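A short write-up of the structure that comes next.
2 protein chains.
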Amino acid sequence: MSTQTNSSLKKIRVGILGFGTVGQGTWKHLQENAHFWPKILGVELIPSRASVRSLDKERPVEISKDQLTTDSASIVDDPNIDLVCELMGGVEEAKLLTLRAFAQGKSVVTANKALICEHGEELFRAAEEAGVGYGFEASVAGGIPIIKVLRESLVSNEFPLIYGILNGTSNYILTRMEKEGASFEEVLGDARQLGYVEADEALDLDGVDAAHKAVILAYLAHGIWVNLSEVTVEGIRRISNEDLQAAENLSCRIKLIGVIRRNFTNDHVAVAVHPALIPIEETIARTDGVHNGVCLNGSVVGTVVLTGRGAGQDPTASSVISDLVDVVKGVNGISSLPKLVHVSPEQCQPATPDEIEGRFYLRLAVDDRPGQLAKVAECLADRGISLATVSQTPHEKDKPASLILTTHQTNEHSIAQALAQLKELPGVVDDPVLFRMFDPNGMS
Amino acid sequence: MSTQTNSSLKKIRVGILGFGTVGQGTWKHLQENAHFWPKILGVELIPSRASVRSLDKERPVEISKDQLTTDSASIVDDPNIDLVCELMGGVEEAKLLTLRAFAQGKSVVTANKALICEHGEELFRAAEEAGVGYGFEASVAGGIPIIKVLRESLVSNEFPLIYGILNGTSNYILTRMEKEGASFEEVLGDARQLGYVEADEALDLDGVDAAHKAVILAYLAHGIWVNLSEVTVEGIRRISNEDLQAAENLSCRIKLIGVIRRNFTNDHVAVAVHPALIPIEETIARTDGVHNGVCLNGSVVGTVVLTGRGAGQDPTASSVISDLVDVVKGVNGISSLPKLVHVSPEQCQPATPDEIEGRFYLRLAVDDRPGQLAKVAECLADRGISLATVSQTPHEKDKPASLILTTHQTNEHSIAQALAQLKELPGVVDDPVLFRMFDPNGMS
Chain A
1 MSTQTNSSLK KIRVGILGFG TVGQGTWKHL QENAHFWPKI LGVELIPSRA SVRSLDKERP
61 VEISKDQLTT DSASIVDDPN IDLVCELMGG VEEAKLLTLR AFAQGKSVVT ANKALICEHG
121 EELFRAAEEA GVGYGFEASV AGGIPIIKVL RESLVSNEFP LIYGILNGTS NYILTRMEKE
181 GASFEEVLGD ARQLGYVEAD EALDLDGVDA AHKAVILAYL AHGIWVNLSE VTVEGIRRIS
241 NEDLQAAENL SCRIKLIGVI RRNFTNDHVA VAVHPALIPI EETIARTDGV HNGVCLNGSV
301 VGTVVLTGRG AGQDPTASSV ISDLVDVVKG VNGISSLPKL VHVSPEQCQP ATPDEIEGRF
361 YLRLAVDDRP GQLAKVAECL ADRGISLATV SQTPHEKDKP ASLILTTHQT NEHSIAQALA
421 QLKELPGVVD DPVLFRMFDP NGMS
Chain B
445 MSTQTNSSLK KIRVGILGFG TVGQGTWKHL QENAHFWPKI LGVELIPSRA SVRSLDKERP
505 VEISKDQLTT DSASIVDDPN IDLVCELMGG VEEAKLLTLR AFAQGKSVVT ANKALICEHG
565 EELFRAAEEA GVGYGFEASV AGGIPIIKVL RESLVSNEFP LIYGILNGTS NYILTRMEKE
625 GASFEEVLGD ARQLGYVEAD EALDLDGVDA AHKAVILAYL AHGIWVNLSE VTVEGIRRIS
685 NEDLQAAENL SCRIKLIGVI RRNFTNDHVA VAVHPALIPI EETIARTDGV HNGVCLNGSV
745 VGTVVLTGRG AGQDPTASSV ISDLVDVVKG VNGISSLPKL VHVSPEQCQP ATPDEIEGRF
805 YLRLAVDDRP GQLAKVAECL ADRGISLATV SQTPHEKDKP ASLILTTHQT NEHSIAQALA
865 QLKELPGVVD DPVLFRMFDP NGMS
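Top to bottom, those sequences are chains A and B.
Here this note's numbering is used: the first residue of the first sequence is 1, the next is one more, and so on.
Here this note's numbering is used: the first residue of the second sequence is 445, the next is one more, and so on.
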């Protein structure tokens, strides 16, 4: 080991479970800042061991063979390891190792959104009972410090609306489709080559990763754990270049957003992830590429927007290390992560679809025959839905025409019913495409 | 007093020095969240006393006469007061009262940027020696939690560049001038009526308030106190509607920005506040009205941008209360504000003008005679400055013509010399107007 240690200072040794991109980034930046930790913490903070799948793989970071192991539990159990970074991903093994660390009085820092989304309630309780810290800044929006801002900086606020871009991969794909007119499949191929897409592609493309993060934000803002099955989750696969162009004609951009709304009259909370048309003047609409952006609408502060890199080795390591520093302050008796619960669970309930209002964008592939638009409009009118704009793109010979509609205010229940009926309408060729029209002022 | 207190919980009583907009906002939101503090802090947090100039003035907040005093020191000295919020503004009295509170072991939370800019070094040392907290989140960018993000969330980062809009009043004026074509004087009149302009108008209009904040950010990022006399400070008074239009033609917007650059090869730090042309695609260029926005370029995290309301009762109270909560965690043994110093002072030195490179925008009022442009270009060429764009607006009869130039890369020293010479050039009618062309990628 080349790390120089000053023997007069207390040493806090960090064990890293999972030595992929983020694990190696955390190791590297802990080493590079070694001179800095004694100044702000009064202790040394030393990356000491890491668990890997293969001991023999070449790695660009400075680590010796005897610091590596394939046995994650041996790191957790090592009496010389004071803190654990769980950066291995996956749910079941990560959960067992996290609880095992807590049981030994060791604080844990994680970037694992799936784990927290599924088992956060149990894990936070276990951490509290064990009197240890559990940091998860890196689990939402990569390098953007949204967790700390939400639960510390904006502590006097309630949040009628939080929304934002929570998945960099899908935003990268949408941005390139929009700017270059490239097809979904083409950009997806590039994203795979760049290593941007998770092995389980549904996480990125079908909105699941963003939904994990939205559930975590909903918990921090409202103190309730919304079950993933209660979250509307739609991905980006049905967004076409035609939709992106139609959105532009409506002075909007289509983004995959997580949305957490709370109605303070009945304390119902709605959590959703779906593509939405966002007015071009909103910062979130112009947050492009792999960047994430979160807009917090606070009852005291008003609107605060944070943007930055939502994933990647360095931004995520930045968040992991900020949690490590907070946890070390706790171990060292200076500080600790704050208590979590913003309101007690019994106050909030998930919202039902008829409560969730908004405007919608519909694209229908229709046979180009007389009276088709009238039938569609009638079907919507039957559910009390009126149209705001209508445009029919010129169709090519022997292909269906594209009918693009936007509605006035209605609700999720009515539009879902109308959609089911539209699917069955003679002359409607394919499943209709439905996106939300996001109104940033609709809740305030 | 109508505030219900639960006698089984420890009570932390807050005294507020200065009961203006922010003081009353803090009082109100502490009261409104009274049910919440025991949940996250395990103690009650009670606004108890406030000092005012006039006891008899009508105030919209719920406060009894016996909680008010005209004697701020009596609040500081009151053994029943545990924490002090210094929200009175001004420098000398505020400093004395802050030190007086520290001497009695009381933590202080402030929104006073002028005080911290001028006496931060002494005050932070005094707080550390007294073992108390000194919170100042509200001193920079109102409700935007820039202080906490900079020193806690991004703790593993160094910052080659931080820039942003730090004064809402000047941004409000520029935005209305740009959007409506209204004159500076006209919008300034409105801003005065709306109560947006400080009694000392130089603070807002001449960049002094933004400079106070830039000095604080430079300290947090680099650990040095830059003297205000070493900061380039220019305000918005010379920005004309013509400049705003010319900037738009260059795909830019003119904003009054604070800029803190550090050159990591020689550890020189440059702090400046001045109008700058910012490319329209930057979030800061599109941060309008009374909003503030700060762009942090971190060595690990990359670019993080925060926007939000930069002043006003509620946003500022949101920041004051987040500090109060952090301080109470300290009093209660849970946590405290972090140590401050990011690097040791001897490492950093202020940059000299010849080190500060960039491109510039020049507007000259010139007599419309042959060879005028050639003379101007020659004068710039003598200093090694070449031109990127030139445009001459059609002049009205008997009025000078407007010559608008942008330069290629040069430095502050050369442009200052050229400017002095241009002023003396025959045919140049008025003092030339000089703005920076901000290049967000120039440092990374």
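Glycine included, every Cβ here is placed at the ideal spot set by N, Cα and C.
These numbers were taken from a predicted model, which means no experiment stands behind them.
For the beta strand (DSSP E) assignment, the uninterrupted runs of no fewer than 3 residues enclosed by the region 13-82 of chain A are, from N- to C-terminal side, 44-51. Counting of Cβ neighbours within 10 angstroms places THR747/B among the buried residues, the total reaching 16 or more. Taken through DSSP and simplified to helix, strand or coil, GLU536/B comes out as helix. LEU543/B has a beta carbon lying at 8 Å or more from every beta carbon in chain A. Rounded to the nearest angstrom, the Cβ distance from VAL76/A to ILE46/A is 17 Å, too far for a contact under 8 Å. Taking a beta-carbon distance threshold of 8 Å, PRO876/B does not count as an interface residue toward chain A.
Contact between the region 232-244 of chain A and the region 139-147 of chain A is not established, with fewer than three Cβ pairs separated by less than 8 Å. Rounded to the nearest whole angstrom, the CA to CA distance from ARG59/A to VAL745/B is 21 Å. Taken atom to atom, the span from the alpha-carbon of THR470/B to that of LEU664/B is near 25 Å.
Non-local C-beta neighbours of ALA574/B in its own chain, meaning closer than 7 Å and more than five positions away in sequence, comprise PHE546, ALA547, GLY549, ordered along the chain.
Taking the beta carbon of LEU154/A as reference, the chain B residues within 8 Å of it are PRO589, SER762, SER766, listed in sequence order.
DSSP, reduced to helix, strand and coil, places ASN263/A within a strand of the structure shown. Scanning its chain for C-beta atoms nearer than 7 Å, with the 5 sequence neighbours on each side dropped, one finds around LEU17/A the residues SER51, SER72, ILE75, VAL84, CYS85, GLU86, LEU87, MET88, LEU97, in chain order.
A distance below 7 Å between beta-carbons, with the five flanking residues on each side excluded, links LYS867/B to the following residues of its chain, in chain order: ASP875, PRO876. The Cβ neighbour count for LEU55/A, taken over all protein chains shown within 10 Å, is under 16; the residue is labelled exposed. Close partners of ASN297/A in chain B (Cβ separation under 8 Å) are lacking, with about 11 Å as the shortest Cβ gap. Ranked by how close their Cα comes to the Cα of ALA365/A, the residues ASP204/A, GLN67/A, GLY90/A, LYS399/A have LYS399/A in first place. Separation of GLU799/B and ALA860/B (C-alpha to C-alpha, rounded to the nearest whole angstrom) is 13 Å. The region 813-829 of chain B makes no contact with the region 694-705 of chain B, as fewer than three CB pairs between them are under 8 Å. When DSSP states are grouped into helix, strand and coil, VAL231/A belongs to the coil group. When DSSP states are grouped into helix, strand and coil, TYR196/A belongs to the coil group.
DSSP places ASN171/A outside any beta strand (DSSP E); the residue lies instead in the alpha helix (DSSP H), whose first and last residues are 168-180.
Restricting attention to ASN292/A, ASP326/A, PHE36/A, the CA atom closest to the CA of GLY312/A is found in ASN292/A. Residue range 412-424 is occupied by the alpha helix (DSSP H) that includes SER414/A.
As for any beta strand (DSSP E) of minimum length 3 sitting wholly inside the region 288-336 of chain A, the runs are 291-298, 302-309, ordered along the chain. Residues of the region 14-35 of chain A that bring their beta carbon within less than 7 Å of a beta carbon in chain B comprise HIS29, ASN33, in sequence order.
Minimum Cα-Cα distance from LYS113/A among the listed residues ASP209/A, LEU174/A, LEU123/A corresponds to ASP209/A. Close partners of ASN736/B in chain A (Cβ separation under 8 Å) are lacking, with about 10 Å as the shortest Cβ gap. Using a C-beta cut-off of 8 Å, the region 357-371 of chain A makes no contact with the region 309-328 of chain A, since fewer than three inter-stretch Cβ pairs fall below that distance. Of all residues in the region 609-634 of chain B, none places a beta-carbon less than 7 Å from a beta-carbon of chain A.
Taking 7 Å as the upper bound on Cβ-Cβ separation, chain B lies near residues THR283 of the region 255-288 of chain A. Neighbours of GLY308/A in chain B, taken as residues at a C-beta separation under 8 Å, are given in chain order as VAL745, GLY746, THR747, VAL748, VAL749.
Taking the Cα positions, VAL738/B is about 22 Å away from ILE683/B.
The bridge partners DSSP lists for VAL428/A are VAL366/A. Around the beta carbon of ASN297/A, a 10 Å sphere encloses 16 or more other beta carbons of the protein chains shown; the residue is thus reported as buried.
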